[in-house]
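Next up, the structure:
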C-alpha cells in the first residue's frame with residue numbers, strides 16, 4: 029500500500045464467505061432480507077463447532093432474489109486475529125444443512141477479509157487515499173460504502189479548489205495536505221475514535237454477549253442505529269446514542 033502509517037497496524041478483521049446460488053428451495057420470504065441472524069441452533073449436533081462459535085460467533089446475511097436464487101453470507105463481525113476462511117465455510121455449510129437449503133449451483137462467490145479500526149494513515153502525506161486505504165472502513169461494522177460515497181465529493185471539491193478554484197496555487201505536498209485535511213476533519217476523527225471504542229467492546233463479547241448487545245442496539249430509535257451504521261452520527265449525537273444504548277441494555281450487557 030502506498031499510503032504510509034507511523035503507528036503499529038493492529039486492526040480487527042471481519043471475515044466472510046458469501047455465495048449467489050441457485051438452490052432447490054429456501055425458507056425465506058422473498059420480499060425480505062435477513063440481517064445479522066445470530067442463531068446457533070444449526071450447530072446443536074456439532075459440539076466442537078458450537079463451542080468455537082460461542083467464543084467467536086458468526087451470523088448470516090440472506091437476500092433472496094426468487095424462490096430458488098439467493099445471496100447467502102456467513103460473517104464474523106470482528107475478531108483479532110480474524111477467523112480462518114475454512115472455519116467460516118464450515119459454519120455456513122452446517123447452517124445451510126440445518127435450513128434445508130441444497131445448493132444446485134454457485135453463480136458467484138466472495139471471500140472477504142476486511143481490516144477494521146487500527147490507526148489512521150499519517151496525516152498529512154503526499155499520497156492521497158480514499159476508501160479503505162484512507163481508514164474509512166467503519167471500525168464497528170466493517171461497512172464502508174456510505175462513508176466513501178460521502179467523502180468522494182469532499183475530495184473532488186478540494187482538488188478542484190486547490191488546483192484551479194478559489195484556493196489555487198497549492199502543489200505537491202501542500203495540495204495533498206489540504207485534501208487530507210478536508211478528508212479527515214476533527215469531527216470525523218472524533219467520530220472514528222468512538223467507532224473504534226465500539227469495536228473494542230465487540231472484540232470482547234462471546235455469542236450471548238453479542239446477542240445482548242444487538243438486542244439493545246436494534247431497540248434504539250431508528251435514527252440512532254441508522255446513523256451509527258452509516259457513519260452519519262457525530263458528537264454530540266454519538267454521546268446521546270451511547271446514553272440511549274446504555275439505558276436500553278440489560279444489566280449484564282452494561283457490565284460487559
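In the numbering used here, the protein residues as written are 29 to 284. Cβ coordinates follow ideal geometry from the N, Cα and C atoms, glycine included. All of these numbers come straight from a predicted model, not from anything done at the bench.
Which whole-angstrom value describes the C-beta separation of residue i and residue j, a residue pair presumed to lie in contact below a C-beta threshold of 8 Å?
i, j, result
"residue 99", "residue 131", "Contact doesn't hold; Cβ gap of about 12 Å is too wide."
"residue 324", "residue 51", "No answer is possible for residue 324: the residues shown for the chain start at 29 and end at 284."
"residue 186", "residue 210", "4 Å"
"residue 143", "residue 33", "Between residue 33 and residue 143 the Cβ distance is about 11 Å, and since that is not below 8 Å, they are no contact."
"residue 107", "residue 231", "7 Å"
"residue 43", "residue 141", "5 Å"
"residue 152", "residue 162", "The Cβ separation is near 11 Å, so there is no contact."
Find the nearest neighbour of residue i within the set the options, judged by alpha-carbon distance.
i, options, result
"residue 117", "137, 106, 128", "137"
"residue 275", "263, 257, 148, 245", "245"
"residue 264", "282, 110, 222, 226", "222"
"residue 146", "225, 249, 278, 63", "225"
"residue 205", "237, 155, 217", "155"
"residue 249", "76, 231, 273, 232", "273"
"residue 170", "179, 159, 180, 178", "159"
"residue 208", "234, 235, 180", "180"
"residue 123", "88, 157, 113, 94", "88"
"residue 63", "165, 271, 38, 242", "242"
"residue 234", "203, 38, 80, 200", "80"
"residue 127", "105, 279, 67, 174", "67"
"residue 82", "125, 239, 163", "239"
"residue 178", "165, 115, 45, 188", "165"
"residue 94", "163, 189, 55", "55"
"residue 65", "163, 133, 104", "104"
Along the chain, where does the beta strand (DSSP E) containing residue i start, and where does it finish?
i, result
"residue 189", "Taken as a continuous stretch (DSSP letters only), residue 189 belongs to no beta strand (DSSP E), being part of the alpha helix (DSSP H) at 173–192."
"residue 103", "97–107"
Quick one: what does DSSP say residue i is sitting in, helix, strand or coil?
i, result
"residue 64", "strand"
"residue 34", "coil"
"residue 56", "coil"
"residue 116", "helix"
"residue 78", "helix"
"residue 87", "strand"
"residue 279", "helix"
"residue 168", "coil"
"residue 229", "helix"
"residue 222", "helix"
"residue 110", "coil"
"residue 284", "coil"
"residue 260", "coil"
"residue 24", "The structure shown does not extend to residue 24, since the chain spans only 29 to 284, so no value can be given for it."
"residue 72", "coil"
"residue 157", "coil"
"residue 124", "helix"
"residue 203", "helix"
Please name the residue or residues paired with residue i in a DSSP beta bridge.
i, result
"residue 332", "With the chain running from 29 to 284 in the structure shown, residue 332 is simply not present."
"residue 92", "98"
"residue 137", "47"
"residue 267", "Beta-bridge pairing links residue 267 to no other residue."
"residue 131", "51"
If you follow the alpha helix (DSSP H) that residue i is in, where does it begin and where does it stop?
i, result
"residue 153", "Unbroken run through residue 153: none, as it is neither H nor E."
"residue 255", "250–257"
"residue 238", "235–245"
"residue 212", "Unbroken run through residue 212: none, as it is neither H nor E."
With 8 Å as the threshold, decide whether the Cβ of residue i is near any Cβ in chain D.
i, result
"residue 109", "Reference to chain D is not applicable here, since this structure consists of a single protein chain."
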